[in-house]
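J.: Protein sequences appear in the order of chains H and E. Under numbering that gives the first Met the number 0, read the first sequence as residues 0 to 663, first letter to last. Under numbering that gives the first Met the number 0, read the second sequence as residues 0 to 612, first letter to last. Have a look at this one.
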Amino acid sequence: MRKLLILVLLLVTKTAPLMSQEYQKKFGVVWKEELELKACPIDPEAGAMVVFDEGISKFVDVEDGYEIEFSRVKRIKIFSESELEQAEIAIPYYVDGYGRTETLKMIQAFSYNLDGDRVVKKGLEKGAIFDEQISKHWRLKKFAIPNVRAGSIIEYRYVLKTPFHYNLPDWEFQSKIPTIHSQYTVATIPFYEYSFITQGVNDFDVYHSELSDEVRKFGNFSDSRAGNVGNGIKFQDMVYTYGMNNVPAFKDETFITSIDDYIMKIDFQLSVVHQLNGSRNNIITTWEELNKSMLKHEDFGKYIKSSSKYARQLLDEEIVLKENAEQNYAILIDYVKKNFSWNGRYSKYALQSSKEFFKTKKGNVAEMNLFLLSLLNEAGYEAFPVILSSREHGKIYKDYPFVHLFDYVVVMVGKDRPFLADATEPQLPFNKIPLRCYNDDGFIIHKSLSGWINIKNTSNSINFSSIKLTPAKNSSKMDIELTKIAYGYSGYLDRVEYKNDKAALANGLQSSLLRIDEVSTTGYKKKGGYYKTKAIGQANTEVYGDILAVQPFVNIVADKSALTQETRKLPVDFQYAQTEKFLVTVNIPAGFEPSALLKDVVLEDDLVKIDLKSTVKGSVVTIVAEYQYKKAVYSPSEYPKLKQHSDHIAKLFNQSLVFKKATP
Amino acid sequence: MRFVLLFLMGVVANTSGYTFAQVIDYSTKVTLIKDRKRVLEEVTLQINGKEDLWLTEYYLPYDVSNEPEIEAQFLDANGLEIKKLKNKHFSKTSDFSYDTFHSDDKIMHLDLSWHTYPYKIKLSISEEYDQYLFLVNWSPYFKFNAPTKQATLQIEIPNNISIALDTNRVDYYTSVEMENSTQFTWKFKNLEKIKGESFAPPLETLMPYVRVVPQSFNYKVQGNASSWSDFGNWVHQLNMGKDVLTLDEQLKVDALLNGVTDKKEQVKILYYYLQDVTRYINVDIGYGGLEPYPASYVCKNKFGDCKALSVFMKALLKHKGIESFLVDIHAGSKIKRINKNVPSQQFNHVILAVPLETDTLWLENTSSTTPFNYLGTFTQNRLGLLVDGHSSRLVKTPALQNNEVREHYVYEVNIKPDHSATFQVKAALKGPLAMQLKSIDANLSGLAKKEYLIQELNWTAFEKTEVGLEMPDRDSAKVKVRAVAKASSFVRDLGPLSIIKPVSFKLDPLRDPSERKQTVAVYYPIHKISEANYHLPNLTEDFEVKLPENVRLEHEMGYYEVICKKLERSILIKKTFQLYSTESESMVYDKLFSFLSEVKQYEAQNVIQLIKK
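Following this line, the structure appears as C-alpha cells:
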C-alpha cells in the first residue's frame, strides 16, 4: 500500500506501543543478555536480525547554504555463520566530478562477543576503511568488522553529508533478515519541501512530527529592542519520525518484478523550494510540470533537438525510404538497430552529446531511442518519447510526479495506430519493445499530448512443436524429428539463447533427444518472423515385455510445475502470456497396436486453456494439443487455481502412449 | 601484481556462412632493461559484425602505481585508420573480484567496439615491472574461447641471467645468439578455441604455455629458483617473523590447552578454535597476493585470507612448541600439473602440514566446516611446496580413498493405493557431497538452505521434502541425512501394466565420443550405494511382480551392480556405482562413455513391473 503525504508544518503525534522486546539502544553499549540470545524472537530460523537501525537526516549550515547530514546507526545480532557477511559493510557515496561531492565521515564499527561472562568489544583497526571507485561518479567506503562469529553483535554508524538537496536519503525498514526496530527521522527546514512515498507500510508503529526547540537563523538577521533587523529569517526545523517494529525478513519469491516493488520503505523527492522573498519554485508538483521540465532538459528535450541534424544527414545521405509509412518505420528503426550499438546501460537521459553519440554510434538507452525519435521526426513521422521504469527499477505510481522513478525511455511511433519502439535489441522486431520495459505504465513527454499510456504486454507468445516419432519394434529406441517454431517473445528468447549456434542448440535439446544427428535453425535473421529449430535424432522408449511406451511430448514440458509454493503473497509475473502447441505423430511399429492412448482433455477458464486430443488412423497416432497461460501477470488470489492448473499441465504433458504387441 | 588480461565471458556464435571474429595476431615481446622488465603485447583482432562484439570488451587489472600504456587503433576494411584510443579514453574502477573483499589494484575497461563492419583493432599494451617472479608467463591465447591465427612470443635474455623454462604443449622454439644476450622466439599458428569438458583436466593444463623463470629474482626479498629448497626458502623469507601471537592470544591458547598433553589432541583443539573464531576475508594490498599478513593481524581482526589464516594457525601451534609447515598448493577439484623440474610460483592456496611421529596432519584453514585433518577434493592428491627454509621441498598430499567418498542411501518407500508414495530416507555421506552439504548447512538458512540441499541431493523429483542434516562428530567427514518426501504419481500405469521406476543415481550428461577433444581425468573415485525397499501393502495378493534384472557391469573404469529381491511385502533393490579415479594421457573417453551410457541405459529401462492379477 502506498501513500503520498506532503510534509506540512502541522503538529501530529502518534506513537504506537512498542510490540518488540526492549533492547539496549545506546551505541557502544550492549547487554550480556543480548549476546546470549540464541534466536530471533520474531523469526527463530533467521541467521541474524537487525536489533535497531536508526537514521536522522537534517539540514546543517555550511558556508554557502545548507547540506543534508544523514546519520545512521545500525546494530545486528548474528545467530549463525550463514549471516557473517552482515559484518562486511559497503556504503556508496556520490561524486559529481565538478567539485561537489558527498562525504562520509565519523565511521565507527564494533563487534561484541562474550568471553565467559565478559563482554569483549572490538573496533576497527586504523586503516581498515577502504575507498573504492565503482564508476565515474560512485565510490564506496568499505570495511569488515573484526572478531565476528555466530553469536556476535555488530554495530556501526556513520555520517553522510550531501550538498545535493534532491538526495534526501530514502529509508528501507525491511531487509532480508528480520528487524526489531527501524526508525527514520527527517528534520526539514522551511526552504525545502519534500513529498514522500511509503511502500508496504499500512501503519507506522511510530509516527510523530514536532517543531524543534532550536531556533535557527538564515541570512542577515538580528534581534534588537527596535525589532528584527536585516533581511533574513528565524525558523525552527520541523521534525518527522517514522518507525516500524518487528518487521519480518523479506523472503524472495520467484516470478516477481523486483524486490524494490515490495520491500517496506519510504522514498523522498524534493518538491518545492521556498525563497526568502516568499516566492516558491515548484520542483515537481504535477505531471504537467514534469513534462515541461523533461522537454526543457539539456539531456532529454534539447538532446532530441540537437540530434535532429544528424538524423537529417542520414536521411539525406544514406537511408532510402519507401512510400509506405509502415515500411519506413521498419526501415528507420532497423537502421538504428543495425548501425548503432547499445552499451547496456539504462537511462532516461543522454549522457553524451548527440554529436558524440553520432560519432561513436554507441550509447545508452536514451541516446539510442531519442536519436531514433529524431530520425522518425525528421522523416516526417509522428513519434514521441515515453518514459518508463524498467522492471528491475520498480513500479511507477501515477499519483507521484517523481522523475527519479523513471529510468528508461522508448518511442511511441505513429499517431493513428501507434506502437512502441526501442532500438536497443537488434533481435526483436521493429515494433516490439524489450521485456524489461513491461512494467504497467509509461508517460508520454510531449508539449501538448503528454499523458499516460499502458505498457502491459498483451501479446501472446506461441511455441509450436511438431514431433514425429518412429519407435523401433525391436529396441528401446525411437527416431525423432522435432521441429519447434517460436513466435513473439518466445522466438526472441530462443534467438538470443541459441543464435545460430548448433552446439548451443544441441545442448538445449539434451533432455529431449538421446542422440542428435542433425540440427538446424531457420529465421535467425528474420527478427519479425518466427524462429525455427529442427533436430533429427534418437530418443528412448520404454519396452517391458509386450509393452512399448512412448513419451509423445519428449520432455519438452517440465514434469513438475515451477510454481512450488503452497500459497502466494505477491503476484506471479510471467512477463508475457504464452501458448505451447503440439502436433505429435507416432508411427506405430509393425506388430504393435495401441493399448492406452492419452485421454482427451478440454479445459478453459479465465486463467488457462488446455486442449488435448489424440486419434488413431491406420498405423499413426496423432495428438493435437495445446496449453495456454492466458495472462502475463496473475494476482495472488488467482494463485491456488493457477498452481492447480500448472500441476495438471505438468502431468498431462508427461504422459506416455502405450502400445502392446498385437495378438497374431 | 598482475599482467593478465581478463575478459568478459562471451558466447562464440557458430554462424553458418559467417566468418568468425578471431585473434589474427598476438605478439608479445619481453625485454629486460637493467632490472626492469618491459612487456609489450600487440594484438590484432578481426571483428566482422555485431555478433562479435563480445570480443571487444576487455578488463585489464593493473597495479595503481604502474599503470600500463594502452593504445588501440581501429582500422576499416581497407586498412585505413578510423580512430585511435589511449589510456585517457578508458574508464578505470577498483578491481572487484568475487573472492576479494578489497584490493588496491585497479581495473581498466577497454571498450573496443565500433559500428562499421568488418574492422580490425590493433591493441598495444605496454607494461613495466621492477619486481617479478616470471620473465614470461604466457599463453598463445589472448582469449581462450576465440580462435587464434598466429601468436608469437619473443624474449631477449641477457646472457648473465640464468633461466629455467617451463612449457606445455609447445614443440619447439628458435634462439638467436646476440652479443650479450640470446633471443628466444616461440611461434604458434591456427589455434582452435578451447572449451572445457567433463571428466577432463583443467583448462590451464590443456592450453599451451611458456614460462620463463629467472633463477635469481627480487620480489619483496631476494630469491632464488634454482631448486625447490631455494624457492621455498624465498617463500619462507616472506613469512619470516609473522607467526607470533599477541599476548592475549597466547593466554587464550594456554587456557585452551591447559591439561592437554597429547600432541594430536592439542592440534585438534587449536584447529577447532581457529574454525570457531575466524572467518575468510581477503584484503589484497601491496604484495598481498604472496606475502601473508602476520598472525597478529588475525589475532586482532579474526579474519584473513588463506595465507594469513594458515600463518595464524601456525602461530597457535608454535606457541605450544608444535612444529608445522606452510604448504603452498594449487587448489581446485581438477588437479593442475605442477612442473617438478621448474621451481616457481605455481600455486594459488596455502594449507598447513603438522608432522607427528608417524604421520602428518593436514589442515585446511579457511573453512569452518572441514573436519580436522581432512583434505577434500580441493587439495587432495597433489604436489605442494612444503615451506621449511632451505629444507623446503615438494610433498604430496594424501589422496581421497574409496571409503572417504562413499555415499550410502537407504530408502523406505511406502506405496499407496492411489499410486502415490511416501519416502523415508537415511543417507550416510562422505566426500565432496558431504562437504558441500556441510557448507550449505553453515552458510545458508531458511528456504534457500532447504532448496539447495534438495538440489544437491538430487531429490528435486520428490514433493514436500523435509530434509535434516546430522553431523555425528565434528572430527568426522561423514554427514547423515534424514528426509521425508512424497511423490504423487510414483506408480505409472502403462496400459495393463503398472511400473515403478526405482530411485536412480544422478549421472552427468556426456558428449558423444566424436565430439570429445580432451583426455580423461577422474581426480577422485565416485562410490554410491543405494538400498531401496518398496513396500506394497497387497503385493503378493494383488500383483504379479516382475523384478528388474540383476546386473553387474564390470568395466575398466568402474562397475555398476543391481541386486533385486522380492520379500514378503516389499521389493528390495540394492544398487552400487563405482567409478575409479584415473588420469590418462591416452584417449580413454570411449571407454568411459560406453560404461556410463550402459549404466544410464540400465537406469532408464529397468523398472519394477506390476501386473494386476
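Here a beta-carbon is modelled for each residue, glycine too, at the ideal position from N, C-alpha and C.
#1: Are proline 501 of chain E and proline 536 of chain E touching if we call contact CB-CB under 8 Å?
#2: Can you check which of these residues, H:Lys321, H:Lys233, H:Val246, H:Pro417, is closest to valine 200 of chain H by C-alpha distance?
#3: Going by the beta-carbon positions, is the gap between phenylalanine 183 of chain E and leucine 132 of chain E smaller than 8 Å?
#4: Am I right that leucine 83 of chain H and isoleucine 75 of chain H are in contact with their C-beta atoms under 8 Å? What's the rounded C-beta distance?
#5: Hey, does valine 657 of chain H have any beta-carbon neighbour from chain E nearer than 8 Å?
#6: On the criterion of 16 or more Cβ atoms from any shown chain inside 10 Å, does histidine 180 of chain H qualify as buried, or is it exposed?
#7: Name, please, each residue of chain H whose Cβ falls closer than 7 Å to the Cβ of alanine 603 of chain E.
#8: Counting along the chain, where does the alpha helix (DSSP H) carrying lysine 590 of chain E start and finish?
#9: With a threshold of 7 Å on Cβ separation, who are the neighbours of valine 211 of chain E within its own chain once the five nearest residues in sequence on each side are excluded?
#10: By Cβ distance below 8 Å, which residues in the same chain neighbour leucine 393 of chain E in space, the five residues on each side in sequence not counted?
#11: In this structure, does DSSP put lysine 142 of chain E in helix, strand or coil?
#12: Using the Cβ count rule (16 or more neighbours within 10 Å means buried), how would you classify histidine 108 of chain E?
#13: Fully enclosed by the segment 504-541 of chain E, which beta strand (DSSP E) runs are 3 residues long or longer?
#14: When you compare the CB of valine 147 of chain H with every CB in chain E, is at least one pair closer than 8 Å?
#15: State the DSSP-derived secondary structure class of glycine 507 of chain H, mapped to helix, strand or coil.
#16: Around the C-beta of aspartate 236 of chain H, are 16 or more other C-beta atoms found within 10 angstroms, so that it is buried, or is it exposed?
#17: Using a beta-carbon distance below 8 Å, is asparagine 244 of chain H in contact with chain E?
#18: Does the separation of the CB atoms of glutamate 625 of chain H and phenylalanine 581 of chain H fall below 8 Å?
#19: Between histidine 614 of chain E and chain H, is the shortest Cβ-Cβ distance under 8 Å, so that the two count as touching?
#20: Measure the CB-CB distance between alanine 149 of chain H and glutamate 87 of chain H and report whether it falls below 8 Å.
#21: Can you check whether the C-beta of glutamine 351 of chain H is within less than 8 Å of a C-beta belonging to chain E?
#22: Is DSSP giving aspartate 304 of chain E helix, strand or coil here?
#23: Reducing DSSP to helix, strand and coil, say where valine 243 of chain E ends up.
#24: Would valine 214 of chain H be called buried (16 or more neighbouring beta carbons within 10 Å of its own) or exposed?
#25: Using 8 Å as the threshold, is the segment 101-118 of chain E in touch with the segment 335-342 of chain H, meaning 3 or more CB pairs across them?
#26: Between the beta-carbon of glutamate 40 of chain E and the beta-carbon of isoleucine 156 of chain E, is there less than 8 Å?
#27: Can you give me the Cβ contacts of arginine 278 of chain E inside the same chain, cut-off strictly under 8 Å, excluding the 5 residues immediately before and after it?
#28: Just to confirm, are leucine 571 of chain E and serine 497 of chain E a CB contact at a threshold of 8 Å?
#29: Out of H:Phe267, H:Met293, H:Val410, H:Ile622, state which residue places its alpha-carbon closest to the alpha-carbon of valine 335 of chain H.
#30: Closest to lysine 645 of chain E by C-alpha separation, out of E:Leu374, E:Gln236, E:Pro200, E:Phe461, would be which residue?
#31: Tell me whether the segment 538-549 of chain H and the segment 462-481 of chain H touch, counting them as touching only if at least three CB pairs, one residue from each stretch, are closer than 8 Å.
#32: Can you tell me the Cβ-Cβ gap for aspartate 94 of chain E and proline 60 of chain E, rounded? I've got them flagged as a contact below 8 Å.
#33: Output, in sequence order along the chain, the residues in the segment 198-219 of chain H whose CB is closer than 7 Å to any CB in chain E.
#34: With DSSP as the reference, label histidine 180 of chain H as helix, strand or coil.
#35: Relative to the alpha-carbon of serine 503 of chain E, which residue among E:Val409, E:Leu432, E:Asn77 has its alpha-carbon at the smallest distance?
#36: Rounded to whole angstroms, what is the Cα-Cα separation between proline 400 of chain H and phenylalanine 267 of chain H?
T.: According to the structure shown:
#1: Not closer than 8 Å, so no.
#2: Taking each of H:Lys321, H:Lys233, H:Val246, H:Pro417 in turn and checking the Cα distance to valine 200 of chain H, the smallest one comes out for H:Val246.
#3: Contact flag unset, no.
#4: Not quite, the Cβ-Cβ distance comes to about 11 Å (not below 8 Å), so this is no contact.
#5: Taking Cβ atoms only, chain E reaches closer than 8 Å to valine 657 of chain H, which makes this a yes.
#6: By the neighbour-count rule (16 or more Cβ atoms within 10 Å), histidine 180 of chain H is buried.
#7: Within chain H, the residues near alanine 603 of chain E are Asn539.
#8: Segment 588-604, the alpha helix (DSSP H) holding lysine 590 of chain E.
#9: If we look at valine 211 of chain E and ignore the five residues flanking it on each side, its Cβ neighbours are Phe133, Leu134, Val135, Ile154, Ile162, Leu164.
#10: Excluding its 5 nearest sequence neighbours in each direction, leucine 393 of chain E has C-beta neighbours in its own chain below 8 Å: Trp227, Ile337, Lys339, Leu382, Gly383, Leu384, Leu385, listed in chain order.
#11: Three-state DSSP puts lysine 142 of chain E in coil, outside helix and strand.
#12: Flag for histidine 108 of chain E reads exposed.
#13: Qualifying beta strand (DSSP E) stretches, in chain order: 525-534.
#14: Yes, because at least one Cβ of chain E sits closer than 8 Å to the Cβ of valine 147 of chain H.
#15: Glycine 507 of chain H: helix per DSSP, three-state reduction.
#16: With 16 or more Cβ atoms within 10 Å of its Cβ, aspartate 236 of chain H is classed as buried.
#17: No, no contact with chain E.
#18: A distance below 8 Å separates the beta carbons of glutamate 625 of chain H and phenylalanine 581 of chain H.
#19: Look at the range of chain E in this structure, 0 to 612, and you will see that residue 614 of chain E is not part of it.
#20: Taking 8 Å as the Cβ cut-off, alanine 149 of chain H and glutamate 87 of chain H do not qualify as a contacting pair.
#21: It does not; no Cβ of chain E falls within 8 Å.
#22: The three-state reading of DSSP puts aspartate 304 of chain E in coil, since its state is none of H, G, I, E or B.
#23: In the structure shown, the three-state DSSP call for valine 243 of chain E is coil.
#24: Answer is exposed; the Cβ neighbour count stays below 16.
#25: With the cut-off at 8 Å, the segment 101-118 of chain E and the segment 335-342 of chain H touch.
#26: Cβ atoms of glutamate 40 of chain E and isoleucine 156 of chain E: not closer than 8 Å.
#27: Closer than 8 Å at Cβ, skipping near neighbours: Lys301, Phe302, Ser367.
#28: The criterion of a C-beta distance shorter than 8 Å is not satisfied by leucine 571 of chain E and serine 497 of chain E.
#29: Checked all of H:Phe267, H:Met293, H:Val410, H:Ile622; the closest Cα to valine 335 of chain H is H:Val410.
#30: This structure leaves residue 645 of chain E out entirely; chain E is present only between 0 and 612.
#31: As far as the Cβ criterion goes, the segment 538-549 of chain H touches the segment 462-481 of chain H, which means the pair count is three or higher.
#32: Rounded, the Cβ-Cβ distance is 5 Å, consistent with contact.
#33: If the cut-off is 7 Å between Cβ atoms, the segment 198-219 of chain H has nothing near chain E.
#34: Here histidine 180 of chain H sits in strand by DSSP.
#35: Nearest C-alpha to serine 503 of chain E among E:Val409, E:Leu432, E:Asn77: E:Val409.
#36: Distance between the alpha carbons of proline 400 of chain H and phenylalanine 267 of chain H is about 12 Å.
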